[in-house]
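Undergrad:
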Amino acid sequence: MSSHLIRNPGSPLDLGWVENSRVNLPAVKRRAETLKTRRSVKKQWQAGWLLRAVTCIDLTTLAGDDTITNVSRLCFKAENPIR
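Sequential numbering from 17 applies to the sequence shown in this note's numbering.
1. Name the two residues that bound the continuous alpha helix (DSSP H) containing N86.
2. Measure the C-alpha to C-alpha separation of V57 and E95 and round it to an integer number of angstroms.
3. Evaluate the contact criterion for the region 64-77 versus the region 85-92: three or more CB pairs, one atom per stretch, below 8 Å.
4. Taking I98 as the reference, give the member of W61, L66 and D30 with the closest Cα.
5. State the Cα-Cα distance for the pair L29 and V39, rounded to the nearest angstrom.
6. Give the straight-line distance between the Cα atoms of P42 and N36, rounded to the nearest whole angstrom.
7. Output the boundary residues of the alpha helix (DSSP H) element that contains K45.
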């Protein structure tokens, strides 16, 4: 087994698809309004949906000035998301 690892060079970022995207703002606003009027999730389903929401929490650190304490705190949150 070789000790030399091949680095993935990645690919250039092409924002063209983002810049060319269009949003139907009135439709988005109408849809957002309907979300406020919906019934909330009840009973046994509520716990499942709350656990699903926890999986969406961003626990990354991208700042170059993070301290060991901050990283340790994020690691603790990742290991124990529900207290």
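By construction, the Cβ of each residue, glycine as well, lies at the ideal position given by its N, Cα and C atoms.
TA: In brief:
1. Along the sequence shown, one-based indexing puts residue 86 at 70. Segment I84 to E95, the alpha helix (DSSP H) holding N86.
2. As a working note, residue 57 is residue 41 in the sequence shown. As a working note, residue 95 is residue 79 in the sequence shown. Take the alpha-carbon of V57 and the one of E95: they are about 26 Å apart.
3. At 8 Å Cβ cutoff, the stretches touch.
4. The count along the sequence shown starts at 1 and reaches residue 98 at position 82. Of W61, L66 and D30, the smallest CA-CA separation from I98 is found for L66.
5. Within the sequence shown, numbered from 1, the residue matching residue 29 stands at position 13. Within the sequence shown, numbered from 1, the residue matching residue 39 stands at position 23. Straight across, the Cα-Cα distance linking L29 with V39 is about 22 Å.
6. Taking the sequence shown and counting its residues from 1, the one referred to as residue 42 is at position 26. Taking the sequence shown and counting its residues from 1, the one referred to as residue 36 is at position 20. Roughly 19 Å between the two C-alpha positions.
7. As a working mapping, residue 45 is identified with position 29 in the sequence shown. Here the alpha helix (DSSP H) through K45 covers L41 to T53.
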